Every structure is written in structure tokens, then in C-alpha cells.
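In what follows, a structure is listed as C-alpha cells, so that the remarks can point back to it.
Residue numbers (this note's numbering): 2 to 175.
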């Protein structure tokens with residue numbers, strides 16, 4: 002990573018990172034919060050790694066272990082980007098279906114989506130799940146998009162913009 006000496010350089014670096022990304026490339030985000038970890042996300046991650054390798058999809062699909070998605074009681078959670086399809090209570094045996102049906106064929110797997118316990122209504126996308134629907138996720142909204150070990154991904158999503166503004170655009174009084 003280059004040394005960044007101005008807000009302009011940070012923005013140029015961010016744009017450079019974004020230019021290398023295919024926004025339509027499927028991205029599998031597996032929650033790694035403590036709740037999902039306790040519910041076996043490590044086995045789910047291994048199953049995804051094996052399935053992607055088995056199908057020779059390494060260059061066509063990104064697998065990311067991300068921060069907590071917030072809905073711990075329904076973990077392990079998996080979000081498929083860019084469509085924001087959210088699967089709950091994912092088990093290793095679900096992985097071949099997720100890769101084959103959702104990642105490759107763009108089909109939602111009904112048995113893995115959230116089902117409202119009161120109404121039975123299904124929600125395939127994160128924004129449709131009542132737990133998330135009324136939230137303004139300022140702090141955790143990008144958790145399913147950013148690998149917490151990747152500064153580049155953080156910068157791609159606007160990370161360090163406030164620091165950049167404070168350092169390069171504001172006076173000490175401000």
C-alpha cells in the first residue's frame with residue numbers, strides 16, 4: 002500500500018481499488034461473529050472453500066469471512082452479493098446447493114431464507130428481514146461486505162474518509 006499524503010491521494014487509491022473489482026462478481030460473505038463461530042461457521046467456511054475448489058470457481062467467486070452480521074440467533078449467516086441474498090442457520094451440507102443454485106444459477110433456496118415465526122412469511126434479502134428492516138446500520142451496515150483483515154476493502158467502502166477530512170481539510174479549531 003502506498004503512503005497517502007492527501008485526501009486526493011486517498012480518493013485516487015480508493016478509485017484504483019474499485020476499478021479492479023467486478024461489481025457483478027458473486028461474493029459469498031460468511032459471518033464470523035462470535036455467535037456464528039459458536040454455531041459452526043468454521044465448518045461452513047471449509048465447506049465453501051472445498052466446493053469452490055471442486056467446481057474450479059476460484060477466479061469466478063469471492064469467498065469472504067466477514068464481521069458480525071448482527072442476527073446471531075439465526076447463525077451461521079451467509080450473504081450472497083451483489084444480490085444481498087441472506088441465508089440463515091447454514092450448515093456445511095447446505096453449501097453445495099448454495100454454490101450450485103444461488104451463486105451459479107442465481108436462484109434463491111427457499112429452505113435457507115428467513116421465515117417469520119409469526120406469519121411464516123419468507124424473506125430472501127437482508128433488507129426484507131424484520132430484524133434488519135427498520136435498522137439504520139451506520140456502524141455495522143458494511144459488515145457483510147468487508148473482510149475485517151483487509152484495509153483495502155475498508156478503504157473501498159469509504160474507510161478513513163473522516164480521518165482524511167480531519168487531517169487534510171479541517172483546521173485544528175474545527
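Glycine included, C-beta positions come from ideal geometry on N, C-alpha and C. Computed from a predicted model, the values in this text were never measured in an experiment.
DSSP-derived helix/strand/coil call for residue i
i, result
"residue 155", "helix"
"residue 168", "helix"
"residue 105", "helix"
"residue 81", "strand"
"residue 125", "coil"
"residue 32", "strand"
"residue 99", "helix"
CB of residue i within 8 Å of CB of residue j, strictly
i, j, result
"residue 64", "residue 49", "yes"
"residue 8", "residue 165", "yes"
"residue 86", "residue 66", "no"
"residue 15", "residue 129", "no"
Nearest-angstrom Cα separation, counted from residue j out to residue i
i, j, result
"residue 131", "residue 171", "40 Å"
"residue 149", "residue 91", "21 Å"
"residue 13", "residue 122", "45 Å"
Residue i - containing beta strand (DSSP E), residue span
i, result
"residue 120", "Careful: residue 120 lies outside any beta strand (DSSP E) and carries neither H nor E."
"residue 45", "It is not in any beta strand (DSSP E) - residue 45 instead sits in the alpha helix (DSSP H) that spans 42-55."
Residue from the options whose Cα sits closest to the Cα of residue i
i, options, result
"residue 43", "96, 3, 62 and 15", "96"
"residue 1", "156, 40, 75 and 33", "Only positions 2 to 175 of the chain appear in the structure, and residue 1 is not among them; the question remains open."
"residue 17", "3, 29 and 28", "3"
Span of the alpha helix (DSSP H) around residue i
i, result
"residue 11", "8-20"
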